[in-house]
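Numbers 3 to 441, taken from the working numbering, label the letters of the sequence shown in order.
All C-beta atoms in this analysis are idealised placements derived from N, C-alpha and C, irrespective of residue type, glycine included.
Everything below concerns the one structure shown next.
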Amino acid sequence: MTSLPDFLPALMTRVAGAGVLSGLTRLSGGANMESFAFDWAREAYVLRRAPSADYMADRPFGHVDEAALVMAAHDAGVKAPEVVGVLTDADGLGTGYVMRRVLAEVSPAKILAGPPPSLLEDLGRELARIHSIPLDRVPAAIPLMDTATALAELRARFLSYGGDRPVIALAIRWCEEHLPAPADPVLVHGDYRMGNVMVDADGLAAVLDWELAHRGDAHEDLAFGCMTVWRFGALDKPAFGVGSLEEYFAAYEAAGGVTVDRGRFRFWLIYRTLWWALGCLQMGQMWRSGADRTVERVVIGRRTAEQELDLVCLLEDEAPEAERARDLPPSKPVVPEPAGEPTNREIVQAVRDWIEGSIKPQAEGHAKFEAVVAMNALGIVLRDLDAGVRAEDAELAAALLSGTTTLAEPGLLAKLRRAVLDKCAIDSPKYAALAAARA
């Protein structure tokens, strides 16, 4: 951030005319890109940029095309931000673009605590508008997704990450066996969910984060926001944590969206849960490679456990009734209380307590967010040291991936249930779906 005050005024003078920079603040949201809010000439803006060149290296399109897509969506009547300028090499700020800032709520917890009455209808309508954008207005760089090819890439990534997570292998095999026929392509937002929409008292105010957009099956977008993880604890409201699927589908269809196919929707719900499980694993790879050495990256890497839990809940109906009724094996015994010199666990606890008592209270903005992430990371280590639970089983994963082992095998579902419960209790003990799965 040290270069922003030096280079940002020249950029804003180029795209918005003369003014004075003030209020520059790093926004805490955004798992992949950096966002900064600021004022220029008494107008509010947001700069969205890549934290490093490595972030953009393997992406199908860059920020120039992303900005063009956001502008096309805005021009088509979608509640997309208004882009006012795109970074060039001469700006000295990397790659990205500047938007007018939308003043509305983005926090899922705050939105879901009291959503405006129209929100679910708004979400369905806005998605139908996105899917109705003529493809000839979409930048040519926005790729066409072939589902079979994308699934094969997920399989390859899984194997490159060790290929040793049985639940992920089970989900890959299921998707391969239930691959739907190709659909007429539409513009797919790719990340349409709570956390990427802004809401005010009147309803949906903006749709953010277009970096995963592509041409593909409309049902992919329909399903993504309905994943358990993106309902942020509102498990009784399967559509975005806001309402029922039937209400959501009806709003989408009434606004001109495609007729919803429930079987195709289920495929994409499982596929995108699998996709995010591998996305979490990829975060660890990014940290190891040096592309992003932030603590947030390794913490998200451990959120794979949430998706493995969700995949078991989605796929357990494939098992025979007798297997679904089978009792779970016991968890591993608790580690005894320590004695003698301080243990690794106690040293980690001491560091966590120091961050909580001395660092976090003095931090502000993104620095406070990073302190909380660091505390979460150390909490995972503490629980892991106590339990000694591991999720890896390469032999079982290979058997599930090949189809030689299925959920019909006696005791397998109970074993997988126990494994995902214990692992999620270590990595994400506050995950709402964990308590529901235990029940």
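Have a look at Arg-167, Glu-84, Leu-415 and flag the residue whose alpha-carbon is nearest the alpha-carbon of Glu-318.
It is Leu-415.
Note down the Cα distance separating Ala-393 from Leu-418, rounded to an integer number of angstroms.
Spanning the two alpha carbons is a distance of roughly 9 Å.
Between the beta-carbon of Ile-144 and the beta-carbon of Ala-78, is there less than 8 Å?
Not a contact, by the Cβ cut-off of 8 Å.
Whole angstroms is fine: what's the gap from Leu-125's alpha carbon to Val-336's?
Straight-line Cα distance between these residues: approximately 46 Å.
Do you know how far the Cα of Val-88 is from the Cα of His-65?
Each residue's alpha carbon lies about 8 Å from the other.
Pick from Val-17, Leu-283, Arg-131: whose alpha carbon is nearest that of Leu-156?
Considering only alpha carbons, the answer is Leu-283.
Please state if the CB of Ala-241 and the CB of Leu-247 are separated by a distance shorter than 8 Å.
Contact flag set, yes.
Pick out whichever of Gln-351, Leu-330, Pro-110, Pro-168 has its Cα sitting closest to the Cα of Arg-385.
Of the candidates Gln-351, Leu-330, Pro-110, Pro-168, the one whose C-alpha sits nearest the C-alpha of Arg-385 is Gln-351.
So, at 6 Å on beta carbons, what are the nonlocal neighbours of Asp-202 in its own chain, with the 5 sequence-adjacent residues on each side left out?
The answer, listed in chain order, is Ala-106.
Under 7 Å from any heavy atom of the ligand MG, does the C-beta of Ile-135 make it?
The ligand MG is not part of the structure shown, which contains no ligands of any sort.
Keeping to the same chain, check which residues put their C-beta closer than 7 Å to that of Val-17; ignore five residues upstream and five downstream.
Only Val-86, Gly-87, Val-100 meet the Cβ criterion.
With distances taken from CA atoms, which of Thr-151, Gly-165, Arg-44, Arg-103 is nearest Leu-398?
Checking every option, the nearest Cα to that of Leu-398 belongs to Gly-165.
Who pairs with Asp-202 in a beta bridge, going by DSSP?
Its beta-bridge partners are Gly-205.
To the nearest angstrom, how far is the alpha carbon of Arg-305 from that of Ala-158?
When rounded, the distance between both Cα atoms is 20 Å.
Is it buried or exposed for Trp-176, if we count other Cβ within 10 angstroms and need 16 for buried?
Looking at its Cβ environment, which holds 16 or more other Cβ atoms inside 10 Å, Trp-176 is buried.
Reducing DSSP to helix, strand and coil, say where Arg-290 ends up.
Correct three-state label for Arg-290: helix.
Does Thr-27 come out as helix, strand or coil in the three-state DSSP assignment?
Thr-27: strand per DSSP, three-state reduction.
Counting only the same chain and skipping the five closest in sequence on each side, list residues whose C-beta sits under 7 Å from that of Leu-357.
Reading off the sequence shown, one finds Ile at residue 357, where the question assumed Leu. So the qualifying residues of the chain are Ala-373, Ala-376, Met-377.
Cutting at 7 Å between CB atoms, please list the residues of its own chain near Ala-111, excluding the five before and the five after it.
These residues qualify, in order along the chain: Phe-234.
Can you tell me the Cβ-Cβ gap for Ala-236 and Gly-243, rounded? I've got them flagged as a contact below 8 Å.
About 3 Å separates the two Cβ atoms, so the contact holds.
How many angstroms separate the CA atom of Tyr-57 from the CA atom of Leu-330?
One C-alpha to the other measures close to 42 Å.
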